[in-house]
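Let me begin by presenting the structure, written as structure tokens, before commenting on it.
Residue numbers (the working numbering): 1 to 464.
Written out as structure tokens, the structure is:
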């Protein structure tokens, strides 16, 4: 906890002094002298604008302040200047080729000098065109990168969520005492600092490990361990608002715009570094990964305020899912598979919960659809999110160049993922429902704890 407080202190001070005027995901040539290009995303302009009606619906349904007509006009301006640049490049290459041919064949000095002067003129013209194109390119590309993913056909576009499953009915009793009253289980200081004790501490770890084990044994997932820090370029690739996570102040930062953020190993973004510029064989698909780790998402903590509690804490243990498929239909199948496994787990816990599709207005620009897992919080008299699974389509894969090779063609993979469990919120809800944490049934848990003698014997077996 003390190390986390130190990190957060640096993050807050850094936020006051650090300003970002350019993107880490796309750097134009005039800025490449000071900042090296970490990643060059694949941008399918024709494919994006071909589905203009769907894109316009996605923008309006999400409530984004984007005028598609303005972006299209910038695109036309970009195409015009880029076409001029290409013509000059082609002409310069033609002149260079002709100069080499005449030099070998023994052309006259007048011809050679004329071609050299023409080459110099084209070089200067090319340099001037590049300087003119840089601000046009910068203006258009960054507007283009802010365009959202297309919405899934099942994603609600109105103001109401779409209910998929409900288990149990909340009691219509008076407002229940907050879980913070159980001070023998929770010592809550503020949203950044709290301490779980006794059975709450044990349940915090056991629930996380049990759910991950259940996905491994019953869902054919592979368990991984992920980094707690993620570079800005990956957050931008996932269209994650930078304000969602804590900025880390680094003493020796080589690339000033590609800063690090504290996300936690239990975040979706923590998977992206391993998948960047990765090409896999179709035979290994679908890729199914599950990870236990911390989550430090500040944005989600603001949903259940203003009174601080475990529902608003900015850090929690989490179980993160990451799946990659070759087609959109396979991604839909995997999303359903994940939700079925999660439903089994929460049914065993046996408190009121529901699963629903969130409205388009709350989605991040990268998400095409989001399924939210919520348990009922008696003290708040409302449902709170304890997990969510999103379908990203190939939106993120195009930005991080995550693909598969099919004959001589490369396909960008469809990604499905998200946290299926936030342990702190689940603990808070269980305590308020009067559930004894030590008696709570967890699918995937080891039913019987090993005795002291068994532990000693297992240690001895390591040396035999």
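A virtual CB, placed ideally from N, CA and C, is assigned to each residue, including glycine.
Treat the numbers as computed from the prediction; the structure is a model and nothing was measured.
Sequence-distant residues of its chain with Cβ nearer than 6 Å to residue i (five each side left out)
i, result
"residue 399", "41, 237"
"residue 365", "148, 239"
"residue 219", "341"
Spatial distance of residue i from residue j (CA atoms)
i, j, result
"residue 14", "residue 249", "Because the pLDDT of residue 14 is 40, which lies under 50, any placement of that residue in the model is unreliable, and the question is left without a value."
"residue 356", "residue 45", "33 Å"
"residue 311", "residue 244", "16 Å"
"residue 48", "residue 55", "8 Å"
"residue 314", "residue 125", "54 Å"
"residue 216", "residue 178", "34 Å"
"residue 291", "residue 424", "17 Å"
"residue 276", "residue 239", "15 Å"
"residue 187", "residue 181", "9 Å"
"residue 457", "residue 363", "51 Å"
"residue 16", "residue 401", "Note on residue 16: pLDDT 35, under 50, position unreliable in the model; the coordinate value appears next. So the alpha carbons of these two residues sit roughly 33 Å apart."
"residue 416", "residue 88", "44 Å"
"residue 222", "residue 287", "8 Å"
"residue 114", "residue 77", "33 Å"
"residue 105", "residue 282", "52 Å"
"residue 297", "residue 263", "7 Å"
"residue 170", "residue 409", "52 Å"
"residue 370", "residue 96", "55 Å"
Option in the options with minimal Cα separation from residue i
i, options, result
"residue 430", "231, 303, 332, 199", "199"
"residue 368", "57, 45, 432", "57"
"residue 127", "193, 108, 86, 96", "86"
"residue 285", "23, 160, 323, 304", "323"
"residue 273", "225, 325, 346, 319", "225"
"residue 268", "67, 108, 229, 144", "229"
"residue 94", "108, 118, 113", "118"
"residue 373", "110, 167, 332", "167"
"residue 436", "393, 349, 133, 116", "349"
"residue 382", "432, 202, 330, 410", "432"
Residues near residue i by beta carbon distance below 7 Å, same chain, minus five either side
i, result
"residue 445", "206, 210"
"residue 91", "122"
"residue 213", "444"
"residue 301", "191, 312, 313, 314"
Close beta carbons around residue i, own chain, < 8 Å, minus the five adjacent residues each side
i, result
"residue 253", "259"
"residue 308", "188, 190, 191"
"residue 5", "Here the model assigns residue 5 a pLDDT of 48, short of 50, so the residue's position is not dependable and the matter cannot be decided."
Integer Cβ distance of residue i from residue j, believed to fall under 8 Å
i, j, result
"residue 233", "residue 338", "Not quite, the Cβ-Cβ distance comes to about 27 Å (not below 8 Å), so this is no contact."
"residue 163", "residue 354", "6 Å"
"residue 304", "residue 386", "With 8 Å as the limit, residue 304 and residue 386 do not qualify as a contact, their Cβ atoms being about 11 Å apart."
"residue 28", "residue 137", "5 Å"
Segment limits, beta strand (DSSP E) that includes residue i
i, result
"residue 262", "260-262"
"residue 419", "414-422"
"residue 385", "382-393"
"residue 62", "Taken as a continuous stretch (DSSP letters only), residue 62 belongs to no beta strand (DSSP E), being part of the alpha helix (DSSP H) at 52-62."
"residue 189", "186-190"
"residue 291", "287-295"
"residue 316", "316-325"
"residue 246", "246-248"
Residue i - containing alpha helix (DSSP H), residue span
i, result
"residue 112", "109-145"
"residue 94", "68-105"
beta-carbon residue i near the ligand MN non-hydrogen atom, thresh 7 Å
i, result
"residue 155", "By its list of ligands, the structure shown contains no ligand whatsoever, and the ligand MN lies outside what it can speak to."
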